[in-house]
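Residue numbers (the numbering used here): 142 to 436.
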């Protein structure tokens, strides 16, 4: 799916995709001798899958507000995006709460999405629609299980620690496990019978059910976790104070204009808010529990 051109009356911006990069490009201008500053925004298909048009429009809006060249840099896993952020190869990134709590001393919370009135979400255990009896992961011994990403709270840490909480070794419980590296692909794996069950971000599932209902007809939500801090947008520690403030203001202000509200609607989010580090304490507790058993 290609990007869409947008015009604000002053200039035409083309949001395109190439080599894992969604970028809002400004046309060359003779009067603009200096190269525009760049803002690199990391995302993954774990969370934002098949959203090229949305990212293109978002990147155009950010470029207008920041007066900078904005690039959405896409990689295949949370691990890759986290490594790039820690190496100062990205300015900001939309990550999961799991990599945030394990590297909180090297990242800065920029904003947290608000969903259904709170900056919180749940993990959903999925089974095939024909499975009407399963109510908990502990009932799935010797079955094939699909995780989303090794650094996903909802798609890996929650199911792993739910087993540990019941005295079960996750390494030996299932007959086979695999990672899909996208929450949507967990849905597809369970619906197709490739996996007997899987666990994903409940917000992603709810959004699929709302926007692409046919995508979830083959699965059933068998269990929902307690609430956890929503996957945040974070910044590298070395990002300048001014750029941090400009990015934060641009994201917090998305409810104030038509384009921003449309983007939030497409994302199925209420808004972005300033989040406290303590919002992720429950995920920290899961990490501690997970660390009691070898991977």
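Beta carbons: idealized from backbone N, C-alpha and C, even for Gly.
Return yes when the Cβ of residue 391 is within less than 9 Å of the Cβ of residue 203, no when it is not. yes
Rounding to the nearest angstrom, what Cα-Cα distance links residue 524 and residue 387 in this structure? Nothing in the structure corresponds to residue 524, since the chain is present only between 142 and 436.
Alpha carbon to alpha carbon, what distance is there between residue 404 and residue 258? 17 Å
Give the DSSP bridge partners of residue 264, in chain order. 342
Quick check on DSSP: helix, strand or coil for residue 387? helix
Between which two residues does the alpha helix (DSSP H) containing residue 302 stretch? 299-306
Pairwise C-alpha distance: residue 278 and residue 315: Distance between the alpha carbons of residue 315 and residue 278 is about 10 Å.
Determine the DSSP secondary structure at residue 322, reduced to helix, strand or coil. coil
Only counting the same chain, and skipping five residues up and downstream in sequence, which positions put a Cβ closer than 8 Å to that of residue 426? Result list for residue 426: empty, nothing under 8 Å.
Other residues of its chain near residue 167: CB distance less than 6 Å, five sequence neighbours each side excluded: With a pLDDT of 41 at residue 167, under the threshold of 50, the modelled position of that residue is not reliable, and the figure given next carries that caveat. For residue 167, there are no CB contacts under 6 Å within the same chain when 5 residues up- and downstream are skipped.
DSSP three-state call for residue 213: helix, strand or coil? strand
Is the beta carbon of residue 349 sitting closer than 9 Å to the one on residue 325? Cβ atoms of residue 349 and residue 325: closer than 9 Å.
Please report the straight-line C-alpha distance between residue 302 and residue 211, rounded to a whole angstrom. 38 Å
Between residue 373 and residue 217, is the Cβ-Cβ spacing less than 9 Å? Not in contact: residue 373 and residue 217 (Cβ atoms no closer than 9 Å).
Environment of residue 377 [buried if 16+ CB atoms lie within 10 Å]: buried
Provide the residue(s) that pair with residue 184 in DSSP beta bridges, ordered along the chain. 215
Pull up the CB-CB distance for residue 331 and residue 267, whole angstroms please, since I reckon it's below 8 Å. 5 Å
Could you tell me the boundaries of the beta strand (DSSP E) in which residue 374 lies? Where residue 374 is concerned, the enclosing beta strand (DSSP E) stretches over 374-377.
If you count every other CB in all the chains shown that lies within 10 Å of the CB of residue 419, and 16 or more means buried, which is it? exposed
Check residue 315 in the structure and name its three-state DSSP category. coil
Rounded to the nearest angstrom, what separates residue 245 and residue 276 at their Cα positions? The alpha-carbon atoms of residue 245 and residue 276 are separated by roughly 34 Å.
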